[in-house]
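Residue numbers for the sequence shown, in my numbering: 1 to 161.
Each residue gets a CB set at the ideal place from its N, CA and C atoms; glycine is no exception.
Source: prediction; values computed, not measured.
Encoded as C-alpha coordinates, the structure appears first; notes follow it.
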Amino acid sequence: MIYVWAIVVTGGVLAALAVLLLVAERWLVNYGQCTVRVLDADAARTIEAQGGQTLLAILQDAGIDVPASCGGKGACGYCKVRVIEGGGPVLPTEAPFLSRRELTDSLRLACQVKVKDDLGLRIPDLLEIVESMVRDRTYDATKRWRFHIRGENGKRESAGD
(Lines of atoms letter the chains of each structure in order from A and count residues from 1; the text may use other names and numbers.)
(Lines give C-alpha, C1' and ligand atoms only; values in the text may rest on other atoms or scores of the structure.)
Protein backbone atom coordinates (compact mmCIF):
# COMPACT_ATOMS: atom_id res chain seq x y z
CA MET A 1 0.00 0.00 0.00
CA ILE A 2 2.86 2.34 0.76
CA TYR A 3 4.18 1.87 -2.78
CA VAL A 4 0.87 3.00 -4.23
CA TRP A 5 0.94 6.15 -2.10
CA ALA A 6 4.54 6.84 -3.11
CA ILE A 7 3.60 6.59 -6.79
CA VAL A 8 0.52 8.78 -6.34
CA VAL A 9 2.43 11.46 -4.40
CA THR A 10 5.33 11.45 -6.89
CA GLY A 11 2.92 11.69 -9.82
CA GLY A 12 1.04 14.53 -8.15
CA VAL A 13 4.24 16.47 -7.45
CA LEU A 14 5.41 16.04 -11.06
CA ALA A 15 2.02 17.10 -12.43
CA ALA A 16 2.00 20.18 -10.18
CA LEU A 17 5.50 21.13 -11.35
CA ALA A 18 4.46 20.74 -14.99
CA VAL A 19 1.43 22.99 -14.47
CA LEU A 20 3.57 25.52 -12.60
CA LEU A 21 6.09 25.64 -15.48
CA LEU A 22 3.33 26.11 -18.05
CA VAL A 23 1.75 28.94 -16.06
CA ALA A 24 5.14 30.59 -15.48
CA GLU A 25 5.99 30.43 -19.18
CA ARG A 26 2.62 31.87 -20.13
CA TRP A 27 2.70 34.80 -17.70
CA LEU A 28 6.39 35.53 -17.11
CA VAL A 29 7.89 35.04 -20.58
CA ASN A 30 6.57 37.58 -23.05
CA TYR A 31 8.20 37.92 -26.44
CA GLY A 32 5.60 40.39 -27.68
CA GLN A 33 4.60 40.81 -31.31
CA CYS A 34 7.10 39.46 -33.82
CA THR A 35 7.32 39.99 -37.56
CA VAL A 36 8.00 37.00 -39.80
CA ARG A 37 9.03 37.88 -43.35
CA VAL A 38 8.57 35.05 -45.84
CA LEU A 39 10.57 35.64 -49.00
CA ASP A 40 9.35 33.84 -52.09
CA ALA A 41 10.40 33.87 -55.72
CA ASP A 42 7.24 35.82 -56.56
CA ALA A 43 6.92 38.24 -53.65
CA ALA A 44 7.58 38.82 -49.97
CA ARG A 45 4.91 38.27 -47.33
CA THR A 46 4.90 39.70 -43.82
CA ILE A 47 3.18 37.93 -40.93
CA GLU A 48 2.58 39.48 -37.51
CA ALA A 49 2.47 36.85 -34.76
CA GLN A 50 2.74 36.50 -31.01
CA GLY A 51 6.26 35.49 -30.00
CA GLY A 52 6.92 32.19 -28.29
CA GLN A 53 5.17 30.02 -30.87
CA THR A 54 6.96 27.66 -33.20
CA LEU A 55 7.65 28.89 -36.70
CA LEU A 56 5.67 25.98 -38.14
CA ALA A 57 2.55 26.95 -36.14
CA ILE A 58 2.83 30.58 -37.26
CA LEU A 59 3.21 29.60 -40.92
CA GLN A 60 0.30 27.16 -40.76
CA ASP A 61 -1.93 29.76 -39.07
CA ALA A 62 -1.08 32.15 -41.92
CA GLY A 63 -2.13 29.55 -44.49
CA ILE A 64 1.38 28.74 -45.68
CA ASP A 65 1.84 25.03 -46.23
CA VAL A 66 5.10 23.57 -44.98
CA PRO A 67 5.52 19.80 -45.29
CA ALA A 68 5.59 18.24 -41.82
CA SER A 69 4.53 14.61 -41.85
CA CYS A 70 5.10 14.21 -38.10
CA GLY A 71 2.75 17.10 -37.28
CA GLY A 72 5.49 19.34 -35.91
CA LYS A 73 6.94 16.93 -33.36
CA GLY A 74 10.50 17.09 -34.72
CA ALA A 75 10.54 13.48 -35.87
CA CYS A 76 10.60 13.62 -39.68
CA GLY A 77 12.88 16.49 -40.79
CA TYR A 78 10.65 17.58 -43.70
CA CYS A 79 9.78 21.08 -42.44
CA LYS A 80 13.09 22.62 -43.47
CA VAL A 81 13.16 26.36 -44.07
CA ARG A 82 16.05 28.70 -44.82
CA VAL A 83 16.30 31.23 -41.99
CA ILE A 84 17.82 34.41 -43.40
CA GLU A 85 17.74 36.52 -40.23
CA GLY A 86 16.95 35.75 -36.61
CA GLY A 87 16.06 32.28 -35.38
CA GLY A 88 18.83 31.79 -32.84
CA PRO A 89 21.26 28.87 -32.73
CA VAL A 90 20.54 25.40 -34.09
CA LEU A 91 19.02 23.19 -31.39
CA PRO A 92 20.32 19.69 -30.56
CA THR A 93 16.92 18.28 -31.60
CA GLU A 94 17.48 19.60 -35.15
CA ALA A 95 21.05 18.33 -35.62
CA PRO A 96 20.20 14.73 -36.65
CA PHE A 97 18.04 16.03 -39.52
CA LEU A 98 20.47 18.61 -40.92
CA SER A 99 23.65 17.89 -42.86
CA ARG A 100 26.72 20.11 -42.69
CA ARG A 101 25.80 21.64 -46.02
CA GLU A 102 22.28 22.43 -44.78
CA LEU A 103 23.68 23.97 -41.61
CA THR A 104 25.96 26.26 -43.62
CA ASP A 105 22.99 27.13 -45.86
CA SER A 106 21.06 28.24 -42.73
CA LEU A 107 18.40 25.54 -43.02
CA ARG A 108 16.38 24.90 -39.87
CA LEU A 109 13.38 22.78 -38.88
CA ALA A 110 10.34 25.05 -38.68
CA CYS A 111 8.80 22.90 -35.95
CA GLN A 112 11.81 23.45 -33.67
CA VAL A 113 12.38 27.20 -34.19
CA LYS A 114 10.69 29.26 -31.47
CA VAL A 115 9.97 32.76 -32.73
CA LYS A 116 11.32 35.15 -30.10
CA ASP A 117 12.22 38.09 -32.32
CA ASP A 118 11.71 39.28 -35.89
CA LEU A 119 12.57 36.61 -38.42
CA GLY A 120 13.24 36.39 -42.15
CA LEU A 121 13.00 33.10 -44.04
CA ARG A 122 12.61 31.37 -47.37
CA ILE A 123 10.62 28.15 -47.76
CA PRO A 124 12.31 25.73 -50.19
CA ASP A 125 10.26 23.57 -52.51
CA LEU A 126 9.54 20.01 -51.41
CA LEU A 127 11.66 18.81 -54.33
CA GLU A 128 14.68 20.73 -52.99
CA ILE A 129 14.24 19.12 -49.58
CA VAL A 130 13.95 15.60 -50.99
CA GLU A 131 16.95 16.13 -53.29
CA SER A 132 19.10 17.25 -50.35
CA MET A 133 17.92 14.30 -48.24
CA VAL A 134 18.85 11.84 -51.01
CA ARG A 135 22.18 13.58 -51.69
CA ASP A 136 23.14 13.64 -48.00
CA ARG A 137 21.74 10.15 -47.37
CA THR A 138 19.35 11.32 -44.66
CA TYR A 139 16.34 10.01 -46.61
CA ASP A 140 14.63 7.03 -45.00
CA ALA A 141 13.87 4.60 -47.82
CA THR A 142 11.54 2.58 -45.59
CA LYS A 143 8.98 5.40 -45.49
CA ARG A 144 6.35 5.46 -48.19
CA TRP A 145 5.27 8.77 -49.67
CA ARG A 146 1.87 9.32 -51.20
CA PHE A 147 1.11 12.43 -53.20
CA HIS A 148 -2.39 13.66 -53.98
CA ILE A 149 -2.85 16.02 -56.90
CA ARG A 150 -5.96 18.14 -57.18
CA GLY A 151 -7.53 17.89 -60.61
CA GLU A 152 -9.33 20.60 -62.54
CA ASN A 153 -12.64 19.73 -60.90
CA GLY A 154 -11.12 20.07 -57.42
CA LYS A 155 -11.26 16.35 -56.61
CA ARG A 156 -8.19 14.55 -55.41
CA GLU A 157 -6.47 12.28 -57.89
CA SER A 158 -4.02 9.88 -56.29
CA ALA A 159 -0.67 9.58 -57.97
CA GLY A 160 0.55 6.02 -58.32
CA ASP A 161 -2.83 4.30 -57.82
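Within a Cβ cutoff of 8 angstroms, which residues of the same chain sit near residue i, ignoring the five residues on either side of it in sequence?
i, result
"Ala-68", "Leu-56, Cys-76, Tyr-78, Cys-79, Ala-110 and Cys-111"
Please identify the residue among the options whose C-alpha is closest to the C-alpha of residue i.
i, options, result
"Gly-52", "Leu-28, Ala-16 and Leu-98", "Leu-28"
"Asp-118", "Gly-32, Ile-64 and Cys-70", "Gly-32"
"Glu-85", "Gly-71, Val-113 and Gly-72", "Val-113"
"Val-66", "Leu-39, Asp-125 and Pro-92", "Asp-125"
"Leu-107", "Lys-116, Val-115 and Glu-94", "Glu-94"
"Ala-61", "Ile-47, Gly-74 and Lys-116", "In the sequence under discussion, the amino acid at residue 61 is Asp, which differs from the Ala named in the question. Selected option, being the one with the closest Cα: Ile-47."
Sorted by chain position, which residues of the same chain lie with C-beta nearer than 6 angstroms to residue i's C-beta, five sequence neighbours on each side aside?
i, result
"Asp-161", "Confidence at Asp-161 is low in this model, with a pLDDT of 45, below 50, so its placement is unreliable and no value can be given for it."
"Leu-59", "Val-66"
"Gly-11", "none"
Quick check on the burial criterion: 16 or more other C-beta atoms within 10 angstroms. Buried or exposed for residue i?
i, result
"Glu-25", "exposed"
"Ala-49", "buried"
"Cys-70", "exposed"
"Val-23", "exposed"
"Leu-20", "exposed"
Verify the contact flag: residue i, CB atom, against every heavy atom of the ligand HEM, threshold strictly below 6 angstroms.
i, result
"Cys-111", "No copy of the ligand HEM occurs in the structure displayed, which carries no ligand at all."
Could you please give me the residues that DSSP links to residue i through a beta bridge?
i, result
"Val-83", "Leu-121"
"Ile-47", "Val-36"
"Thr-54", "Lys-114"
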